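I have placed the structure first, in the form of structure tokens, so that the comments after it can refer back to it.
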Amino acid sequence: MSDNKSLPAFYNGDFMTLSQVNISPMDRGFLFGDSVYEVIPAFHGRLLGEVEHYQRLMNSLASIGLSLPYSIDDLISISQALLAQKPAFAFIYVQITRGVEATRKHRFPVIAEPTILIYSQVVEAAFGLDYQGCHGHFHEDMRWQKCDIKSTSLMGNILAYQQLYQQGHENDEALLVRNGLVVEAPSSNLFMAKDQVIYTPPLNNILAGVTRDLVIKLIHEAGFEFIENAPTKAMLLDADEVWLTNSYEELKPIITIEGKNIGTGAPGPIWQQLFSAYQELKSQKLKSQELKSQN
Ligand SMILES: Cc1ncc(COP(=O)(O)O)c(C=O)c1O
Numbered sequence: 044m045s046d047n048k049s050l051p052a053f054y055n056g057d058f059m060t061l062s063q064v065n066i067s068p069m070d071r072g073f074l075f076g077d078s079v080y081e082v083i084p085a086f087h088g089r090l091l092g093e094v095e096h097y098q099r100l101m102n103s104l105a106s107i108g109l110s111l112p113y114s115i116d117d118l119i120s121i122s123q124a125l126l127a128q129k130p131a132f133a134f135i136y137v138q139i140t141r142g143v144e145a146t147r148k149h150r151f152p153v154i155a156e157p158t159i160l161i162y163s164q165v166v167e168a169a170f171g172l173d174y175q176g177c178h179g180h181f182h183e184d185m186r187w188q189k190c191d192i193k194s195t196s197l198m199g200n201i202l203a204y205q206q207l208y209q210q211g212h213e214n215d216e217a218l219l220v221r222n223g224l225v226v227e228a229p230s231s232n233l234f235m236a237k238d239q240v241i242y243t244p245p246l247n248n249i250l251a252g253v254t255r256d257l258v259i260k261l262i263h264e265a266g267f268e269f270i271e272n273a274p275t276k277a278m279l280l281d282a283d284e285v286w287l288t289n290s291y292e293e294l295k296p297i298i299t300i301e302g303k304n305i306g307t308g309a310p311g312p313i314w315q316q317l318f319s320a321y322q323e324l325k326s327q328k329l330k331s332q333e334l335k336s337q338n
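For the sequence shown, position 23 (counting from the first letter as 1) is numbered 66 according to the numbering used here, and the numbering increases by one without interruption.
Spelled out as structure tokens, the structure:
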């Protein structure tokens, strides 16, 4: 986007615009990808799932041995201040790096002062119930083994999307296969339905998606049988429905995999039911936030 420079930002304790952020070339986030991040959706100035996202950020930080001089409440207040313009759809991007050291050493710096960047970005609305679905392709998972940490070292994810792009599938999704099992996509979690039973891979070195968690609650509320199990490629190809989840795209149906129709080759009834339930849950959560802020 051409006017990214004027985006409201919070950098190492101060509010500014993104163009005023001055990150050192010796920052370990730049040199090593030694950093973690979060992306939190916001609607009309209200954050969705902010406690869960910031709790996951704290978990990622703990996993890499980095402490932050801010609490979850502090981070939420900063994020809310950045959303003051209240656009219809936005996200908050948060990145914490292990900071700057004068020499480029792999081991942690002796004194680590984290670099903290948070900015808000206006985005287009995600799709609605009339969405026609997306195409999926299997891709060997080349990422590292600690994918539960939301690290900015995303080379495996980048190469998966780049390969799709080079094959002429820019808007399609990669379905990542590890040890013969399909575990997630480069930026979303995976669900499939077969004979009214819903499956999702267990949290075994994949990202614990905030949306995944909400969708599992909705699956239980709707009374479906639910099993945490990673499907093989064959199981996924034989599914009645497949969809992906993340905070921005919410629930995204996959209608073909490797050119083969999934179910009827159109978004299915379980996706429609859960998508609608998710929209309802989202508006309830946003309404209760509004009430809280009025009191
Ligand atoms: C690898 C990966 N899996 C799953 C997700 C979904 O997480 P969430 O629902 O919290 O957005 C993401 C989101 O960025 C991701 O990068």
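Where is the CB? At the ideal position from N, CA and C, for every residue including glycine.
Since we're looking at a predicted model, the values are computed, not measured.
- Annotation: the continuous beta strand (DSSP E) that includes His178 extends over 177-183.
- Between the alpha carbons of Leu50 and Arg147 lies a distance of about 31 Å.
- Ile201 and Phe181 have their C-alpha atoms some 15 Å from each other.
- Following the DSSP letters along the chain, one finds Met278 inside the alpha helix (DSSP H) bounded by residues 276-280.
- A distance of 7 Å or more separates the beta carbons of Ile241 and Val226.
- With a threshold of 16 other beta carbon atoms within 10 Å, Ser331 falls short and is exposed.
- For Thr254, there is no enclosing beta strand (DSSP E); the enclosing alpha helix (DSSP H) has its first and last residue at 253-265.
- With a threshold of 6 Å, the Cβ atom of Val253 counts as near ligand 1, since some heavy atom of the ligand is closer than that.
- Listed in chain order, the non-local C-beta contacts of Ala251 below 7 Å within the same chain comprise Arg99, Asp191, local neighbours out to five positions each way being set aside.
- Beta-bridge partners of Ile154 (DSSP): none assigned.
- For Glu292, the CB contacts under 6 Å within the same chain, skipping 5 residues up- and downstream, are Ala169 in chain order.
- DSSP places Trp187 outside both helix and strand once states are collapsed to three, so it counts as coil.
- Using a Cβ distance threshold of 7 Å, His178 and Asp215 count as a contacting pair.
- Counting the other Cβ atoms within 10 Å of the Cβ of Ile154 gives fewer than 16, which makes it exposed.
- A straight-line Cα-Cα distance of about 31 Å links Pro229 and Gly56.
- Straight through space, the alpha carbons of Gln188 and Lys237 are spaced by roughly 29 Å.
- Set against 6 Å, the gap from the CB of Leu250 to the closest heavy atom of ligand 1 is smaller.
- By the 16-neighbour rule on beta-carbons within 10 angstroms, Lys193 is buried.
- A distance below 7 Å separates the beta carbons of Gly176 and Pro296.
- In this structure, Ile139 sits near Pro157, with a CB-CB distance shorter than 7 Å.
- Distances from the CB of Ser194 to the heavy atoms of ligand 1 are all 6 Å or more.
- Short of 6 Å from the beta carbon of Arg71, and not among the five residues preceding or following it, lie these beta carbons of its own chain, in chain order: Asp77, Thr140, Arg141.
- Per the DSSP secondary-structure output, Lys129 pairs with nothing in a beta bridge.
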